[in-house]
Amino acid sequence: MMAALLGGGAQAQLLPGNIGALPGQVTGGVIDPLLRGAPGTVGNTVSGTVDTLSVRAAETLDRASLRDLRRARLQALIRANRDVLEADDDGQPVRRGEIIALDASPALLAQARAAGFAVLREDAMEDLGVRIHVLGVPRGEAGRKALVRLRKLAPEGQFDLNHVFEPAGGALGAAGAAAAAGNGKAGGDPVGMIDGGVA
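Okay, here's the thing in structure tokens:
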């Protein structure tokens, strides 16, 4: 549930005449602005051969091969950005030294500060009625260990590492783009959607 709430808002991915990349954001961003211009990244995307796989080539690979390619791409991203990224227990990229606290009370934040954590920034998702605090872990402590310690310190809190997210799926081919463009008219009730997967 926490991952669903932390996904940031974005433009519809298949708007007629406006098929483009999602913007990077601090929480739930595609590739965080902190990584832009870092080695191994180009703009909002990860560069390198492990990240460029055509749709046609992907169709010929089995699930295990695709999973291995994805794992290699994520490991390369983390290695190229060790100063700002580390891996969680599953090998997913997370912001180094950051923990997300969901709807933390002032008392819980005071408890975290007393244990050496710092409140780096705060964000409110007004429409969802959710407040998010990004906590900095004490210097020299790994994010995973700090998360375990914080959960023991405040078991009533909702905490997780600050994951880096990417868009799901690939670019549309010519037929897919034409189908997405349709007649350019929208109809019916507006629908909001949180879309994205862990990098």
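Going by this note's numbering, the first residue of the sequence shown is number 13, and it counts up by one from there.
Each residue gets a CB set at the ideal place from its N, CA and C atoms; glycine is no exception.
The structure displayed is predicted, hence computed values, not measured ones.
Would you kindly work out how many angstroms separate the C-alpha atoms of residue i and residue j, rounded to a whole number?
i	j	result
LEU86	ARG125	32 Å
ASP139	ASP115	14 Å
GLN25	LEU147	Its pLDDT being 35, under 50, GLN25 is placed unreliably in this model, and the coordinates cannot settle the point.
GLY188	GLU178	Note on GLY188: pLDDT 49, under 50, position unreliable in the model; the coordinate value appears next. Taking the straight line joining both Cα atoms gives about 20 Å.
ALA88	ARG107	15 Å
ARG151	GLU71	45 Å
GLY141	LEU120	18 Å
ASN174	LEU78	25 Å
ASP80	LEU97	20 Å
LYS157	LEU73	36 Å
VAL131	VAL149	9 Å
ASP95	GLU153	14 Å
GLN123	VAL160	15 Å
MET137	LEU162	23 Å
ALA76	GLN104	17 Å
ARG133	ARG82	31 Å
PRO167	VAL176	24 Å
ALA84	ASN93	14 Å
Taking all protein chains shown into account, do 16 or more other C-beta atoms lie within 10 angstroms of the C-beta of residue i, making it buried, or fewer, making it exposed?
i	result
ARG91	exposed
GLU110	buried
ASP44	Since pLDDT at ASP44 reaches only 46, below the 50 mark, its modelled position is unreliable, and the value read off the structure follows with that caveat. Under this definition ASP44 is a buried residue.
ASP102	exposed
Return the first residue and the last residue of the alpha helix (DSSP H) that residue i is part of.
i	result
GLN87	75-92
GLY155	155-165
How is the beta strand (DSSP E) around residue i delimited, first residue to last?
i	result
LEU147	142-148
GLN123	Per DSSP, GLN123 belongs to no beta strand (DSSP E); it is in the alpha helix (DSSP H), 118-126.
ARG133	130-137
ARG107	105-114
Going by C-alpha to C-alpha distance, which of the options sits closest to residue i?
i	options	result
LEU165	ARG133, GLY128, VAL142 and ILE144	GLY128
PHE171	ILE144, GLU71 and ALA130	ILE144
GLY169	ARG83, ALA84, ASN93 and PRO118	PRO118
ILE112	ALA99, ALA84, ASP135 and ARG83	ASP135
GLY155	ASP100, PRO167, ALA84 and ASN93	ASP100
Would you list the one or two residues that DSSP bridges to residue i?
i	result
ASP172	ILE112
GLU98	VAL106
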